[in-house]
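Quick note, the sequences are listed as chains C and P, same order. Under this note's numbering, read the first sequence as residues 7 to 459, first letter to last. Under this note's numbering, read the second sequence as residues 329 to 692, first letter to last. Note that the Cβ used here is the ideal one computed from N, Cα and C, for glycine as well. First up is the structure itself, then whatever we jot down about it.
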Amino acid sequence: MDSQQDHYKPHLFAKIIEKLGKSDDLVHTPMQVSEEKAQVLFLKSVINVTELQQLVIKPFFEMKSEEGFLQYIRSLPNQIEFTDETSLLVNMTKGMLLINVRQHYILLDIKKVNTDIVQLNSLEPSIHGPQYGFSESLETNINLLRHRYSEPSLVVEVSELKDRAKSSFAIIYDDETVDKNVLTLLKKRLNEIENPLIQSSADLENYLNQRKATLFPTTLLTERPDRMIYNLTAGKIIVIVDGSPQATIVPAVFFDFMVSMDDHYHNFWASLLTKFLRYAGLFTCILLPSIYVAIISFNPDVIRTELALTVAGSRIGVPYPSYIEVLFMLIFIELLTEASIRLPKAVSATATTVGGLILGTAVVEAALASNIMIIVVSLVAISTFVIPINEMSFSVRSTRFLLLLYTTFFGLAGVIVGFIGIIIFLANKESFGTPYLAVYWKNRTKELKVNGK
Amino acid sequence: MNRFLYYLIIINMIANIVASVPRILLAESTNGAITSMILGTFAGLFITIVTIKFYAAYPKTDLMELLNTHTRKWFSILALLYFAINWYIAGLITLITFTFILIRFLTPEMPLVVILFSLLVVILGGILIKTKSILFMFEVVIVLFCPLIIFLLVKTGFNNVFVIDYVRIAMMHINEMPSYSALTATSYLYIGIVNLAVFNKFFSHKKKITFLPIFILTIVGVVVLGLTYFAPIGVGGFDEIERLIYPWISTSDSIRMKFGLVERLLFIFLLVFLAIAIMSIIIHWHGASKLLQGAFSRKWFNWKGHDLSPFLYIILFSLIALIAMINLTEHQLFKLTQFFFNLLPSFFGISMFVFFTINRRAKR
């Protein structure tokens with residue numbers, strides 16, 4: 007860099023002060039003991055002041071010579087290479103310290119991060135598994151992963167996004183198991199992202215898909231370190247954006263979304279039962295509203311006579327066809343779910359009580375929906391929550407409306423035909439070149455490998 | 329043998345349980361249906377083995393590539409066109425049969441064209457997807473529906489409506505000369521393997537024909553065939569069974585699940601076999617579309633670098649299906665099916681000739 011000597015304000019310092027000088031937290035401190043001089047430049051708000059004192063200021067006054075201090079600074083491990091002024095400026099704003107001794111400029115990383123507290127799992131809680139998830143600081147998160155997966159082949163590549171926030175992100179993979187094609191594709195796509203602002207892993211995901219309208223997620227967003235490790239051993243790649251307590255796993259196929267980490271912590275039969283429940287929930291949630299419409303409006307003769315009479319009896323007084331009833335109740339339940347997500351915790355209990363209990367009863371009493379409809383809708387709502395990953399649960403919720411539409415037009419045959427249609431759609435989908443709905447029958451280690459087959 | 333190969337064969341077998349095969353077999357029940365079934369099984373297995381053997385020599389290629397590289401242009405276009413038409417008609421027959429079945433048994437108030445449309449929307453989607461995805465789709469559908477199919481078949485075979493004496497009567501006719509149409513109908517059950525023409529691209533391993541896969545196929549084939557023929561007889565009696573238009577549907581409707589949520593077996597049966605039939609139609613029409621794409625150069629139908637010819641073909645497919653649907657009666661459809669099945673030996677003959685030509689040219 008610039009080697010011109012300037013006694014009071016070196017050339018580079020002047021430049022930076024010109025760029026960042028409008029901020030009041032920029033501090034420029036010259037240090038001097040007799041003939042020895044050094045200067046530091048930093049942003050007060052992002053610097054760890056204790057570390058600055060310990061690492062830089064105190065040694066400077068204890069050193070005998072400028073040369074000794076320079077050599078000391080140079081041997082510090084948290085020194086950062088810099089090549090041009092732009093990256094230097096970005097680094098300064100992230101909490102780097104610029105030191106000038108004689109003609110030399112040294113960049114030290116002593117940033118202060120206030121978001122490195124590891125948080126409890128909130129989205130994917132489990133009974134037996136680890137209870138703590140990620141923090142919002144990238145370095146802490148990498149530390150957490152390294153800690154859990156002490157394999158020398160684990161590669162951590164940290165770089166920066168090209169948006170205005172200049173967030174750092176890390177690509178983490180096991181060099182031995184990773185699918186090289188996926189890795190190249192991922193890096194290519196990350197390079198192609200040109201969005202002005204990306205704030206979290208979830209945000210990044212939307213741009214990784216490279217499609218505006220996607221119904222099913224092709225990358226998996228998780229907050230559980232154990233799930234990440236589980237996928238890492240299977241040769242998948244993890245992308246973490248700084249400032250986000252979740253990480254993205256690529257590639258992700260349909261069955262990845264149906265795995266709960268508790269499956270591995272329970273015993274065989276218990277986890278088989280929960281798996282069965284989960285898939286039963288999935289099918290209930292997609293098929294049940296449509297089957298209800300098909301049976302009520304098209305083929306009441308399908309179910310046994312007693313049941314048909316019960317259903318018909320409960321619908322006495324309901325003034326409109328079944329599909330409106332179902333649509334009305336489904337939208338109602340969706341509103342209720344959405345409301346309880348957005349509301350503060352203290353109020354959300356009220357919402358569920360008012361919405362679920364009081365309105366549910368009132369709707370039946372006013373003959374706007376049948377009793378059985380309420381049961382169907384509640385069952386569907388509960389089944390949705392059985393799906394372990396939130397993203398998939400949202401997709402499934404949207405899918406069932408499509409199937410409902412198809413059934414409304416074409417009846418009972420429409421349920422099956424539409425369902426096949428969904429399977430066709432999913433089977434044709436790919437996540438980073440991996441088929442989305444491929445079934446793997448091999449044992450667990452082989453099945454885990456993305457590039458196994 | 330790769331598991332996807334079994335799927336190709338088994339989907340075709342199961343789809344034909346409901347469609348026209350049992351009706352043809354039952355129509356010939358006093359004319360040597362049993363001997364034809366035995367002979368047809370051997371014929372079917374022979375075709376399966378020959379087809380696998382032929383494609384095993386050319387892993388990771390499909391018939392279109394083989395024809396285009398090894399034979400002259402006019403020959404490859406003619407052969408591919410012939411195959412495509414056969415594939416298309418096979419799918420068309422299943423599609424129209426199922427449209428008729430749906431209006432008879434499930435949605436009698438719905439117009440035929442609407443039923444056809446409801447099936448076409450999904451089938452056309454299935455034609456347009458990647459060939460490899462079709463294999464994954466098969467697997468999921470088979471995993472989901474196979475338990476139900478086994479349940480249905482077992483339920484049909486083991487219940488108090490099923491009278492073994494009728495089966496014994498049917499067995500009395502074992503000493504008759506085989507009938508031609510029953511023979512072709514039987515071998516049609518085994519025809520699923522010819523779809524390798526399109527799907528061979530994804531079978532990279534050298535397929536060796538060992539004893540076990542052939543044994544499994546024989547067992548599955550014999551069980552399916554036996555059920556196809558004997559279950560309607562056991563349930564419906566021997567004497568008038570040939571009068572039923574859809575023998576298997578009527579058979580399943582005579583069975584009642586006393587404690588089931590759905591009392592009549594018919595509905596589960598219809599829906600499950602509808603799913604399998606859609607698979608069968610998709611596989612045939614996807615094949616037809618790919619064969620046509622292989623036959624004709626695609627350069628003449630490009631738009632901004634996208635190949636639009638599949639869209640042209642699916643429009644053509646749906647139009648022909650629509651016209652056929654409007655004009656055919658159930659009886660004509662049955663006659664057409666029988667005629668198509670009767671042409672099967674010539675189809676095999678031409679296939680063998682094409683295989684032979686490719687093999688000879690490839691060796692040169």
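Buried or exposed by the 16-neighbour rule on C-beta atoms within 10 Å, applied to residue i
i, result
"residue 331 (chain P)", "exposed"
"residue 480 (chain P)", "buried"
"residue 13 (chain C)", "In this prediction, residue 13 (chain C) scores a pLDDT of 48, lower than 50, which makes its location untrustworthy; the coordinate-derived value is nonetheless stated afterwards. Looking at its Cβ environment, which holds fewer than 16 other Cβ atoms inside 10 Å, residue 13 (chain C) is exposed."
"residue 427 (chain C)", "buried"
"residue 459 (chain C)", "In this prediction, residue 459 (chain C) has a pLDDT of 36, which is less than 50 and means its spatial position is unreliable; nothing more can be read from the coordinates."
"residue 335 (chain P)", "buried"
"residue 353 (chain C)", "exposed"
"residue 451 (chain C)", "Because residue 451 (chain C) carries a pLDDT of 46, less than 50, the predicted location of this residue cannot be relied on, and no value is offered for it."
"residue 362 (chain P)", "buried"
"residue 549 (chain P)", "buried"
"residue 392 (chain P)", "buried"
"residue 638 (chain P)", "buried"
"residue 184 (chain C)", "buried"
"residue 741 (chain P)", "For chain P, the structure presents residues 329 to 692; residue 741 (chain P) sits outside this window and is missing."
"residue 328 (chain C)", "buried"
"residue 246 (chain C)", "buried"
"residue 614 (chain P)", "buried"
"residue 9 (chain C)", "Confidence at residue 9 (chain C) is low in this model, with a pLDDT of 40, below 50, so the placement of that residue should be treated as unreliable; the coordinate-derived value is given next. Exposed."
"residue 293 (chain C)", "buried"
"residue 688 (chain P)", "exposed"
"residue 356 (chain P)", "buried"
"residue 45 (chain C)", "buried"
"residue 331 (chain C)", "buried"
Nearest to residue i (by Cα), restricted to the options the options
i, options, result
"residue 511 (chain P)", "P:606, P:351 and P:692", "P:351"
"residue 21 (chain C)", "C:91, C:55 and C:45", "C:91"
"residue 409 (chain C)", "P:446, P:437 and P:338", "P:446"
"residue 337 (chain P)", "P:544, P:601 and P:558", "P:544"
"residue 619 (chain P)", "P:360, P:335, P:358 and P:395", "P:395"
"residue 208 (chain C)", "C:253, C:345 and C:128", "C:253"
"residue 316 (chain P)", "P:527, P:504, P:574 and P:579", "The requested residue 316 (chain P) is not part of the displayed model; chain P covers only 329 to 692."
"residue 262 (chain C)", "C:223, C:251 and C:280", "C:223"
"residue 255 (chain C)", "C:238, C:37 and C:286", "C:238"
"residue 701 (chain P)", "P:516, P:503 and P:496", "Only positions 329 to 692 of chain P appear in the structure, and residue 701 (chain P) is not among them; the question remains open."
"residue 283 (chain C)", "C:390, C:326 and C:204", "C:390"
"residue 344 (chain C)", "C:322, C:26 and C:400", "C:400"
"residue 416 (chain C)", "P:342, P:431 and P:483", "P:431"
Within chain C, partners of residue i - CB distance below 7 Å
i, result
"residue 464 (chain P)", "433, 441, 443 and 444"
"residue 346 (chain P)", "Simply none; closest approach about 14 Å."
"residue 468 (chain P)", "429, 433, 443 and 445"
Chain P contact residues for residue i, given Cβ-Cβ distances below 7 Å
i, result
"residue 430 (chain C)", "450, 453, 454, 457 and 465"
"residue 319 (chain C)", "Those do not exist, as residue 319 (chain C) stays about 17 Å from chain P at its closest Cβ, beyond 7 Å."
heavy atom of the ligand ADP below 7 Å from residue i C-beta
i, result
"residue 379 (chain C)", "Ligands are entirely absent from the displayed structure, and the ligand ADP is therefore not among its contents."
Where residue i meets chain P, residues with beta-carbon distance less than 9 Å
i, result
"residue 377 (chain C)", "Within chain P, no residue comes near residue 377 (chain C); the closest Cβ sits about 18 Å away, beyond 9 Å."
"residue 304 (chain C)", "434, 435, 437 and 438"
"residue 381 (chain C)", "Neighbours of residue 381 (chain C) on chain P: none; closest Cβ ~14 Å, over 9 Å."
Interface residues of chain P facing residue i [CB-CB closer than 8 Å]
i, result
"residue 313 (chain C)", "589"
Proximal chain C residues relative to residue i, where beta-carbon distance stays under 9 Å
i, result
"residue 446 (chain P)", "412, 415, 416, 417, 419, 420, 423 and 424"
"residue 471 (chain P)", "445"
For this session: Residues of the stretch 449–460 of chain P with a CB closer than 8 Å to any CB of chain C: list them in chain order, please.
Result: Listed in chain order, the positions of the stretch 449–460 of chain P with a beta carbon within less than 8 Å of a beta carbon of chain C are 449, 450, 453, 454, 457, 458 and 460.
Exercise. Would you say the stretch 289–309 of chain C touches the stretch 349–368 of chain C, given that touching needs at least three Cβ pairs under 8 Å?
Worked result: With fewer than three CB-CB distances shorter than 8 Å, the stretch 289–309 of chain C does not count as touching the stretch 349–368 of chain C.
Exercise. Is there contact between the stretch 367–378 of chain P and the stretch 587–605 of chain P, where contact requires at least three CB pairs shorter than 8 Å?
Worked result: With the cut-off at 8 Å, the stretch 367–378 of chain P and the stretch 587–605 of chain P do not touch.
Problem set entry | Residues, ordered as in the chain, of the stretch 591–606 of chain P that lie near chain C by beta-carbon distance below 7 Å | Per Cβ criterion, the list reads 591, 595, 599, 602, 603 and 606.
Exercise. In chain order, what residues of the stretch 400–419 of chain C put their CB closer than 8 Å to some CB of chain P?
Worked result: The residues in question are 412, 415, 416, 417, 418 and 419.
Exercise. What are the residues of the stretch 414–440 of chain P that lie near chain C, defined by any Cβ-Cβ distance shorter than 7 Å?
Worked result: Residues passing the 7 Å Cβ filter: 430, 434, 435 and 438.
Exercise. Looking at C-beta atoms only, is the number of pairs between the stretch 144–158 of chain C and the stretch 81–88 of chain C that lie closer than 8 Å three or more?
Worked result: The answer is no - the stretch 81–88 of chain C does not touch the stretch 144–158 of chain C, with fewer than three Cβ pairs under 8 Å.
Exercise. Got a sec: which bits of the stretch 210–231 of chain C sit with their beta carbon under 8 Å from any beta carbon on chain P, in order along the chain?
Worked result: Cβ contacts with chain P come from no residue of the stretch 210–231 of chain C.
Exercise. Contact between the stretch 208–219 of chain C and the stretch 106–114 of chain C: three or more CB pairs below 8 Å?
Worked result: Taking a cut-off of 8 Å for Cβ pairs, the stretch 208–219 of chain C and the stretch 106–114 of chain C do not touch, as fewer than three such pairs fall below it.
Exercise. If contact means a Cβ-Cβ distance below 7 Å, which residues of the stretch 281–310 of chain C contact chain P?
Worked result: Cβ contacts with chain P come from 304, 305, 308, 309 and 310.
Exercise. Can we say the stretch 114–128 of chain C touches the stretch 56–72 of chain C, given the rule of at least three CB pairs closer than 8 Å?
Worked result: Two segments are said to touch when three or more pairs of C-beta atoms, one from each, lie closer than 8 Å; by this definition the stretch 114–128 of chain C touches the stretch 56–72 of chain C.
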